[in-house]
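A.B. asks:
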Amino acid sequence: MRAIVISKNGAPEVLEWREVPDLRPGRGEVLIDVAASAVNRADVLQRLGFYNPPPGDSEYPGLECSGVVAEVGADVEHFQVGDRVCALLGGGGYAEQVTVPWQQVMPVPDNVSLTEAAALPEVACTVWSNVFMTARLRRSDTLLVHGGASGVGTMAIQLAKAFGSRVIATAGTAEKLARLRELGADEVINYREEDFAEKAEADVILDIMGAKYLSRNIKALRTGGRLVIIGLQGGISAELDLRMLLNKRAAVHGTTLRSRPTDEKGVIVRGVVDNVWPLVSAGAVRPVIYAEVPLAEAARAHEMLDSGEHVGKILLVR
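If you read the sequence shown in the working numbering, its first letter stands for residue 42, the second for the next number, and so on.
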């Protein structure tokens with residue numbers, strides 16, 4: 042088969058389309074003929090040498106895919122050859138085939154094409170696990186989403202609105218802010234021109250920036266608020282005013298998804314299928330797709346992501 046291989050760490054051109062050894066599913070695994078994958082910030086970090094895959098996962102980039110089940114290993118439940126599926130991966134999505142534990146595989150939701158489904162696993166699982174499972178967003182809560190134009194951001198806005206919460210989202214251009222309003226954001230903030238901590242009060246904050254936003258995020262939290270940090274684009278180290286945290290009876294959670302064991306991912310995946318897929322099938326939540334790029338041209342897709350101009354997901358299609 043063929044796959045995108047990171048020949049060395051560096052710029053997008055290090056991503057090379059090569060012939061690689063064929064795959065066979067192991068015990069409890071499903072082999073998927075990949076129809077599409079998607080580009081995530083983690084793929085860029087892996088390309089740069091800062092985010093290697095967990096032990097045992099594929100060295101090829103790609104944290105999600107859609108496709109058709111080609112083969113199943115022993116002890117696989119619920120899936121059979123020919124099923125249209127999408128999957129949450131530890132790696133390997135930038136390839137013609139991928140193997141994945143069956144617990145991380147999901148049926149393609151109704152009213153979504155096989156290609157579109159590749160835009161869903163990583164963002165749906167990230168938002169469900171962090172905003173709903175960890176931060177316990179309630180209907181009466183306000184959610185503040187940083188990086189609202191990202192794949193995760195566009196999913197968080199739609200999903201929170203579908204559950205009846207109020208949503209504030211940040212972005213850096215007027216065009217992106219307008220798009221976030223179209224997706225359902227009740228209030229938008231241009232982080233280049235305004236200080237979100239002076240304008241926003243939130244019960245839950247979904248943050249991709251880390252250190253740079255830590256003190257202002259705590260300031261923006263309401264009493265009993267929950268800050269969930271899922272990215273470190275603004276640095277890894279910052280001072281925390283514990284007095285403010287205590288006075289607000291607030292909580293700070295730091296989470297990752299890729300490195301979790303299969304059983305934990307399986308719990309998240311089942312939660313997504315039970316709670317998110319019905320909303321997708323009904324049209325209340327949709328994949329937001331910025332562009333579709335041939336899988337062999339993954340370097341061009343990474344250049345798009347690096348430019349920061351996208352809203353939603355960039356897909357890699359076969």
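For glycine and all other residues, C-beta sits at the position ideal for the given N, C-alpha and C.
Tell me, which residues are paired with S78 by DSSP?
C.D. replies: Walking along the sequence shown from the start, residue 78 turns up at place 37. Note: S78 sits in a beta bridge opposite C106 and L357.
A.B. asks: Quick one: what's got a C-beta closer than 7 Å to K26's C-beta in the same chain, skipping five residues either side?
C.D. replies: The structure shown does not extend to residue 26, since the chain is modelled only from 42 to 359, so the question has no answer here.
A.B. asks: With DSSP collapsed to three states, give me the class of R65.
C.D. replies: Reading the sequence shown from its first residue, position 24 is the one you call residue 65. The answer is coil: DSSP assigns R65 none of H, G, I, E or B.
A.B. asks: What residue range does the alpha helix (DSSP H) around E305 cover?
C.D. replies: Stepping through the sequence shown from its first residue, residue 305 is reached at position 264. Looking at the DSSP string, the run of the alpha helix (DSSP H) that includes E305 is T303 to N316.
A.B. asks: Run through DSSP, which three-state label would Y331 get?
C.D. replies: Within the sequence shown, numbered from 1, the residue matching residue 331 stands at position 290. It is a strand residue.
A.B. asks: Taking only the alpha-carbon atoms, compute the straight-line gap between I230 and V153 and give it to the nearest angstrom.
C.D. replies: As a working note, residue 230 is residue 189 in the sequence shown. As a working note, residue 153 is residue 112 in the sequence shown. Distance between the alpha carbons of I230 and V153: 31 Å.
A.B. asks: Is the segment 233-240 in contact with the segment 256-268, if contact means three or more CB pairs nearer than 8 Å?
C.D. replies: yes
A.B. asks: Taking the Cβ atom as the reference point for each residue, do L286 and I246 lie within a distance shorter than 7 Å?
C.D. replies: If you number the sequence shown from 1, residue 286 lands on position 245. If you number the sequence shown from 1, residue 246 lands on position 205. In this structure, I246 does not lie closer than 7 Å to L286 by Cβ.
A.B. asks: Just to confirm before moving on: does the CB-CB distance between I401 and L224 stay below 7 Å?
C.D. replies: The structure shown has nothing for residue 401, since the chain only spans 42 to 359.
A.B. asks: Would you mind working out which of E157, L281 and A243 sits nearest R180, comparing C-alpha positions?
C.D. replies: Position 139 of the sequence shown, counting from 1, holds the residue named residue 180. Checked all of E157, L281 and A243; the closest Cα to R180 is A243.
A.B. asks: Going by alpha carbons, who is nearest to Y331 out of V317, I309, K260 and L356?
C.D. replies: Position 290 of the sequence shown holds residue 331. The option with the nearest alpha carbon to Y331 is L356.
A.B. asks: Classify A176 as buried or exposed, calling it buried when 16 or more other Cβ atoms lie within 10 Å of its own Cβ.
C.D. replies: In the sequence shown, the residue the question calls residue 176 occupies position 135. So A176 ends up on the buried side.
A.B. asks: What ranges does the beta strand (DSSP E) occupy inside the segment 142-208, keeping only unbroken runs of at least 3 residues that lie completely in it?
C.D. replies: 146-148 and 183-186
A.B. asks: So R43 and W58 are supposed to be a Cβ contact under 8 Å. How far apart are they, rounded?
C.D. replies: Numbered from its first residue, the sequence shown carries residue 43 at position 2. Numbered from its first residue, the sequence shown carries residue 58 at position 17. Right, the Cβ-Cβ distance comes to about 6 Å (below 8 Å), so this counts as a contact.
A.B. asks: Decide if K49 is buried, meaning its Cβ has at least 16 other Cβ atoms within 10 Å, or exposed.
C.D. replies: As a first step, residue 49 is located in the sequence shown; it is residue number 8 there, counting from the start. So K49 ends up on the exposed side.
A.B. asks: Excluding the five sequence neighbours on either side, which residues of its own chain have a C-beta within less than 7 Å of the C-beta of E228, listed in chain order?
C.D. replies: Taking the first residue of the sequence shown as position 1, residue 228 is located at position 187. Excluding sequence neighbours, E228 sits near I209.
A.B. asks: To the nearest whole angstrom, what separates the beta carbons of G133 and G108, a pair I think is in contact under 8 Å?
C.D. replies: Here residue 133 refers to the residue found at position 92 of the sequence shown. Here residue 108 refers to the residue found at position 67 of the sequence shown. At roughly 12 Å, the Cβ-Cβ gap does not stay under 8 Å, so G133 and G108 are not in contact.
A.B. asks: Classify D116: buried if its beta carbon has 16 or more other beta carbons within 10 angstroms, exposed otherwise.
C.D. replies: To locate residue 116, count along the sequence shown from 1; it is residue 75. The residue in question, D116, is exposed, as its Cβ has fewer than 16 Cβ neighbours within 10 Å.
A.B. asks: Taking the alpha carbon of A201 as the reference point, which residue from Q274, V113, H294 and S170 has its own alpha carbon closest?
C.D. replies: As a working mapping, residue 201 is identified with position 160 in the sequence shown. Closest option to A201, Cα to Cα, is S170.
A.B. asks: Using the three-state DSSP reduction, which class does E234 fall into: helix, strand or coil?
C.D. replies: Taking the sequence shown and counting its residues from 1, the one referred to as residue 234 is at position 193. Note: E234 maps to coil in three-state DSSP.
A.B. asks: Where does E60 land, buried or exposed, given buried means 16+ other C-beta within 10 angstroms?
C.D. replies: Translated into positions along the sequence shown, residue 60 becomes position 19. Flag for E60 reads exposed.
A.B. asks: Verify whether the separation of the beta carbon atoms of A76 and T156 is less than 7 Å.
C.D. replies: To locate residue 76, count along the sequence shown from 1; it is residue 35. To locate residue 156, count along the sequence shown from 1; it is residue 115. Yes. Within cutoff.
A.B. asks: Would I45 pass as a contact of A339 if the rule is Cβ separation under 7 Å?
C.D. replies: Your numbering for residue 45 matches position 4 in the sequence shown. Your numbering for residue 339 matches position 298 in the sequence shown. Taking 7 Å as the cut-off, the beta carbon of I45 is found closer than this to the beta carbon of A339.
A.B. asks: Which partner residues of I246 appear in the DSSP bridge assignment?
C.D. replies: Residue 246 sits at position 205 when you count from the first residue of the sequence shown. L185 and L268, per the DSSP bridge assignment.
A.B. asks: For L130, name the three-state secondary structure that DSSP assigns.
C.D. replies: Within the sequence shown, residue 130 is the residue found at index 89, counting from 1. The three-state reading of DSSP puts L130 in coil, since its state is none of H, G, I, E or B.
A.B. asks: Which residue's Cα is closest to the Cα of G205: G97, T183 and E344?
C.D. replies: Here residue 205 refers to the residue found at position 164 of the sequence shown. Across the set G97, T183 and E344, the C-alpha of T183 shows the shortest separation from the C-alpha of G205.
A.B. asks: So, helix, strand or coil for I277, using DSSP?
C.D. replies: Mapped onto the sequence shown, residue 277 falls at position 236. DSSP places I277 in coil when its eight states are reduced to three.
A.B. asks: With DSSP run on the structure shown, which of helix, strand or coil describes A52?
C.D. replies: Locating residue 52 in the sequence shown gives position 11, where the first residue counts as 1. Here A52 sits in coil by DSSP.
A.B. asks: Between the alpha carbons of Q274 and G251, how many angstroms are there, rounded?
C.D. replies: Here residue 274 refers to the residue found at position 233 when the sequence shown is read from its first residue. Here residue 251 refers to the residue found at position 210 when the sequence shown is read from its first residue. Taking the straight line from one Cα to the other gives about 7 Å.
A.B. asks: Between G266, A190 and G295, which has its C-alpha nearest S278's C-alpha?
C.D. replies: As a position in the sequence shown, residue 278 is number 237, starting the count at 1. The residue with the shortest Cα to Cα distance from S278 is G295.
A.B. asks: Inspect the beta-carbon positions of P66 and E112 and report whether they are closer than 7 Å.
C.D. replies: By one-based count along the sequence shown, residue 66 stands at place 25. By one-based count along the sequence shown, residue 112 stands at place 71. Contact flag set, yes.
A.B. asks: Whole angstroms are fine: how far does the CA of N288 sit from the CA of R263?
C.D. replies: If you number the sequence shown from 1, residue 263 lands on position 222. If you number the sequence shown from 1, residue 288 lands on position 247. Cα to Cα, R263 sits roughly 10 Å from N288.
A.B. asks: Please report the Cβ distance between A212 and L221, rounded to the nearest whole angstrom; I am assuming they are in contact, meaning their Cβ atoms lie under 8 Å.
C.D. replies: Stepping through the sequence shown from its first residue, residue 212 is reached at position 171. Stepping through the sequence shown from its first residue, residue 221 is reached at position 180. That pair is a contact at about 6 Å.
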